[in-house]
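Inspection log for the structure reproduced underneath, given as structure tokens.
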Amino acid sequence: MPLALLALAIGAFGIGTTEFVIMGLLPEVAGDFGVSIPTAGLLVTGYALGVVIGAPLMTVLGTRIPRKRMLMLLMGLFIAGNLLSALAPAFAIMVIGRVIASLAHGAFFGIGSVVAAELVAPQKKAGAIAMMFTGLTVANVVGVPLGTLIGQHVGWRVTFAVVAGLGVIGLAGIAKLVPELPRPEGVHLRHELAAFKNAQVLLAMAMTVLGFGGVFAAVTYIAPMMTHVAGFADGSVTWLLVLFGLGMVGGNLVGGRYADRALMPMLYVSLGALAVVLALFTLTAHNKIAAAVTIALIGALGFATVPPLQKRVLDHAHGAPTLASAVNIGAFNLGNALSAWLGGLVISAGLGYTAPNWVGAALAAAALVLAVLSAALERRETPHGATMAASAAPADRPTAVHH
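Offset between the sequence shown (1-based) and this note's numbering: plus 6.
Take a look at the structure:
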């Protein structure tokens, strides 16, 4: 794998850290600004909405900019947003800082996925995408716990300053290691938008919303579920999230490896197993050891879907994949927001803290149904078994870059 993927992974590590670390620092931030915890939660909501809106917006704005330069500009935006959060004199200013940082999120992963795929041979595309996303998964194992620890003992402003520093390292790495990749000739915004007419692209995005939504239906409410149902101490939640992160790292790497060999079977297995494990979580949540194992499995199975779904969007976007790739990243966050809302509804209805697991299982099962439907439509479109790679025009094929 090219060293350029390391630079992309470092940027992904910073983005993943800033996205999730705020959840562990809400009490400190709320106390400093004199707002309630629910009000401080706007820092999470604002970031998620910024990703959904920023993914297509920033990608469209960058259609005429070379991809390497756009990645550098996005990292600059990320740095600025985190510095503003670190120095914010008022809560509203910090919300603005969070939104500014989030605008870089979707476009960075979307454009980064396209760049990663172009850096390697066609049969290694999913593995390259997974390598970049490893930065995001490792952030949940290292960046988020460490950032939370720094914030609780030194101050949350220091955490965001450190994250901005990670952005500087990522920016320098991209400037040094990522090659200048030529943009495909004749590809304009209308070509990027045309990808959304492809039913397979839309189905892959719907699978993203539902599949990863299933994960966050459970994980959003993991703290009350583990403390009130499993009987863990409050301080144990951080280490349970580390287990979840370790599962994400493993699942991401396995998903990338096997998606290059058998993409749809990989989706069938991961989505089907995810639905089963989420349903079982309603039972295993009552036992500490079983709950801990289940949390790791949810992380692994959930993130095993990311490389194949991202690759499927790239494969079906017909030579203009950048916008579709970025919007698919926004779909992950849309799934997070949708599942968190649905999970809250069933808890508010008095069904208990384990009820969101049933919501997650239903969402993952729905994603599996869409995967089966997608494959059936593809077989109908290619009755002789022709694959996307075989039918792609030469201009659509990734360009191997030699160092």
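By construction, the Cβ of each residue, glycine as well, lies at the ideal position given by its N, Cα and C atoms.
Selected residue, minimal CA-CA separation from residue i, among the options
i                 : options                           : result
valine 58         : Thr23, Gly112 and Gly30           : Gly112
glutamate 186     : Ile21, Val235 and Arg73           : Arg73
valine 53         : Ala296, Gly103 and Gly349         : It is tyrosine, not valine, that sits at residue 53 in the sequence shown. Nearest option by C-alpha distance: Gly103.
valine 235        : Leu269, Val225, His292 and Met213 : His292
alanine 306       : Tyr274, Ala297, Gly341 and Gly253 : Gly253
arginine 318      : Pro271, Val50 and Gly278          : Pro271
phenylalanine 309 : Trp364, Val169 and Tyr264         : Tyr264
histidine 159     : Ala110, Leu31, Ala96 and Phe39    : Leu31
threonine 154     : Val168, Thr143 and Gly141         : Val168
glycine 415       : Ile85, Pro95 and Val41            : Because the chain spans 7 through 409 in this model, residue 415 falls outside it and cannot be assessed.
glutamate 384     : Gln206, Val41 and Leu125          : Gln206
arginine 267      : Gln129, Ala46 and Val225          : Gln129
7 Å CB neighbourhood of residue i in its chain, flanking five on each side removed
i             : result
proline 151   : Thr244 and Val248
aspartate 240 : Thr233
alanine 229   : Val243
alanine 123   : Lys131, Ala134, Ile135, Leu320 and Pro404
valine 50     : Ile28 and Met29
glycine 261   : Ala136, Met272, Ser276, Phe309, Ala310, Thr311, Val312, Pro313 and Pro314
leucine 83    : Ile106, Leu109 and Ala110
histidine 409 : Summary for histidine 409: the model assigns pLDDT 36, below 50, so the residue's position carries little reliability; its value from the coordinates is reported in the next sentence. These residues qualify, in order along the chain: Pro8.
glycine 278   : Leu374
Own chain residues within Cβ distance below 6 Å of residue i, not counting five before or after
i             : result
alanine 367   : Ala281, Leu284 and Ala285
alanine 337   : Met211, Thr214 and Val215
leucine 376   : Leu209, Ala212 and Met213
alanine 392   : Reliability of the predicted coordinates at alanine 392 is poor, the pLDDT of 45 falling under 50, and no value is obtained from them.
leucine 12    : none
threonine 288 : Thr360 and Asn363
Cβ pair residue i, residue j closer than 7 Å
i                 : j                 : result
proline 314       : leucine 273       : yes
methionine 6      : glycine 173       : What the structure shows of the chain is the stretch from 7 to 409, and residue 6 is not part of that stretch, so it cannot be assessed.
serine 108        : glycine 219       : no
phenylalanine 114 : asparagine 258    : no
alanine 171       : isoleucine 335    : It is glycine, not alanine, that sits at residue 171 in the sequence shown. Not a contact, by the Cβ cut-off of 7 Å.
asparagine 342    : phenylalanine 250 : no
isoleucine 175    : methionine 78     : no
leucine 246       : isoleucine 301    : yes
alanine 373       : glycine 217       : yes
leucine 142       : glycine 22        : yes
glycine 118       : glutamate 34      : no
Residues near residue i in its chain [Cβ-Cβ closer than 8 Å; skip 5 each side]
i             : result
leucine 379   : Leu209
arginine 120  : Correcting the residue type first, residue 120 is valine in the shown sequence and not arginine. Arg73, Leu320, Pro327, Thr328 and Ser331, listed in sequence order.
isoleucine 71 : Leu79
leucine 199   : Leu329
isoleucine 16 : Gly141, Leu172, Ile175, Gly176 and Gly179
Residue i Cβ short of 6 Å to the ligand ADP heavy atom set
i          : result
serine 108 : This structure simply doesn't include the ligand ADP, nor any ligand for that matter.
Subject >> At least 3 beta-carbon pairs within less than 8 Å: the segment 64 to 71 vs the segment 163 to 170 >> reply: Segments in contact, no.
Subject >> Three or more C-beta pairs below 8 Å linking the segment 76 to 93 and the segment 352 to 363 >> reply: Under the three-pair Cβ rule at 8 Å, the segment 76 to 93 does not count as touching the segment 352 to 363.
Original post:
Touching or not, the segment 15 to 26 and the segment 143 to 160, by the rule of three or more beta carbon pairs under 8 Å?
Top reply: Segments in contact, yes.
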